[in-house]
Amino acid sequence: MNQHLLKIVKPQPYPLLFMTISGSHLYGFSSADSDYDLRGVHILPIREIIGLNPAQETIELSQITADRLQIDLVTHDLKKFLGMLLKKNGYVLEQLYSPLVVTSTPEHEELKEIATSCITRYHSHHYFGFARTQWQLFLKENPPRVKPLLYVFRVLLTGIHLMQTGKIEANILQLNQQFNLAYIPELVERKISGGEQSELNAADIDFYQREYERLYQELEAAFAASHLPAVPNCQQILSDWLVRVRLDQKSGYT
């Protein structure tokens with residue numbers, strides 16, 4: 014599949030530091046009709062950064078390929094991505110550490126090493142907020158669907174695991190090896206076999222609400238007990254690294 018995705022990467026206008034797969038493929042419950050969420054970092058040339066014309070800090074692309082793959086691609090310039098990384102953004106951590114790699118560079122590996130010093134206990138706020146938002150979206154649907162519910166539980170489990178270990182894990186089945194929730198494999202199977210529109214039995218909503226509230230409280234407890242630092246300890250290292258990468262751009266990056 015990566016060969017098909019590389020066809021999307023090749024025409025990108027700027028060198029790429031990395032491109033990974035996010036979304037339901039990363040989370041472990043993609044179905045046949047799931048699109049491919051490609052996320053990455055591009056490197057603007059210095060002449061465009063210091064010139065008068067607006068720089069393309071973010072590039073977005075949505076398309077259906079000749080192979081019938083639905084693609085949702087977003088890349089950010091390196092400086093913008095690092096700024097997001099310093100703002101305790103769990104989503105960019107998941108992109109950076111995604112094991113589903115379309116293209117990479119040695120600098121991608123360097124950044125993953127540096128970014129371990131950027132992870133703080135306050136990354137939990139990303140997961141608190143995301144879980145609340147996804148739960149409200151889930152409740153608004155009639156009939157209720159499996160996909161939004163899986164997003165709720167995936168977010169909570171990722172947040173708890175991050176607070177406890179300092180490591181990113183976004184795949185719900187991998188996470189469930191730690192949490193051993195009997196309903197997770199069943200929900201995943203229903204999503205995979207039933208597609209994006211697979212529905213839930215409304216009679217089960219009360220059970221899932223109790224689980225949502227329990228796991229939310231578990232995330233609160235993990236935050237309170239976390240030994241992660243309160244602030245990132247990486248800004249100067251990232252700044253020096255950014256300057257080096259900018260000055261050392263080579264045509265072979267992609």
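End of the sequence shown sits at 267 in my numbering; the numbers just go up one at a time, nothing left out. Each residue gets a CB set at the ideal place from its N, CA and C atoms; glycine is no exception.
Could you give the distance in angstroms between the alpha-carbon of residue i and the alpha-carbon of residue j?
i    : j    : result
H240 : Y229 : 19 Å
P67  : R60  : 11 Å
R257 : L251 : 10 Å
I21  : T78  : 9 Å
V165 : V114 : 24 Å
L150 : D261 : 45 Å
E199 : D48  : 22 Å
N184 : S35  : 10 Å
M176 : I197 : 21 Å
T71  : I205 : 31 Å
L186 : I173 : 15 Å
E126 : L188 : 22 Å
S264 : P28  : Because the pLDDT of S264 is 38, which lies under 50, any placement of that residue in the model is unreliable, and the number read from its coordinates should be weighed accordingly. Roughly 7 Å between the two C-alpha positions.
R167 : F143 : 10 Å
L95  : L57  : 14 Å
L163 : E209 : 11 Å
H136 : G64  : 35 Å
L86  : P242 : 33 Å
T267 : R134 : Because the pLDDT at T267 is just 42, under 50, the model does not fix this residue reliably, and the point stays unresolved.
R227 : Y110 : 28 Å
L124 : I62  : 21 Å
K23  : H55  : 12 Å
E154 : F192 : 27 Å
In the DSSP output, which residue or residues are listed as bridge partners for residue i?
i   : result
H55 : L29 and D90
I34 : L51
Out of the options, state which residue places its alpha-carbon closest to the alpha-carbon of residue i.
i    : options                   : result
T116 : T33, V201 and Q249        : T33
G53  : G179, D219 and E120       : E120
C247 : A128, T171, L260 and F151 : A128
E1   : A45, V244 and L124        : Residue coverage of the chain in this structure runs from 14 to 267, which leaves residue 1 outside it and unanswerable.
I84  : E73, K92 and L91          : E73
S37  : E107, G96, P24 and Q69    : E107
F42  : L109, S211 and F94        : S211
G179 : C131, S206 and L162       : C131
I181 : G142, T171 and R227       : T171
D50  : I56, L39 and H17          : L39
E233 : Y140, W254, N155 and T88  : Y140
Q16  : V168, D80, K93 and K153   : D80
W254 : P161, P26, L30 and Q25    : L30
R145 : P24, I62 and Y225         : Y225
D219 : H89, W148, S111 and L57   : W148
R158 : Q76, A215, H89 and F236   : A215
L169 : K153, L194 and N155       : L194
H89  : E123, H138, Q76 and Q25   : Q25
V244 : Q69, S75 and N102         : N102
S75  : L18, Q190, Y221 and E122  : L18
Could you give the first and the last residue of the continuous beta strand (DSSP E) run that contains residue i?
i    : result
V272 : Nothing about residue 272 can be read from this structure; the chain reaches only from 14 to 267.
For the ligand COA, is there a heavy atom less than 7 Å away from the beta-carbon of residue i?
i    : result
F236 : Questions concerning the ligand COA fall outside what the structure shown contains, since it holds no ligand whatsoever.
The alpha helix (DSSP H) that contains residue i, what's its start and end?
i    : result
F192 : I185 to F192
E182 : Per DSSP, E182 belongs to no alpha helix (DSSP H) and is neither H nor E.
P198 : Y196 to G207
Y248 : Per the sequence presented here, residue 248 reads as Gln, with Tyr not at that position. That run of the alpha helix (DSSP H) goes Q248 to L260.
G103 : G103 to Y110
Worksheet item: What are the start and end residues of each continuous alpha helix (DSSP H) run of 4 or more residues lying completely inside the region 59–97, in chain order?
Response: Counting only runs of 4 or more, we get 59–63.
- request: Note down, one range per segment and in chain order, each alpha helix (DSSP H) of at least 4 residues found wholly within the region 210–241.
  value: Fully enclosed alpha helix (DSSP H) runs of 4 or longer: 218–238.
Inside the region 124–169 only - alpha helix (DSSP H) runs reaching at least 4 residues = Correct list: 137–153.
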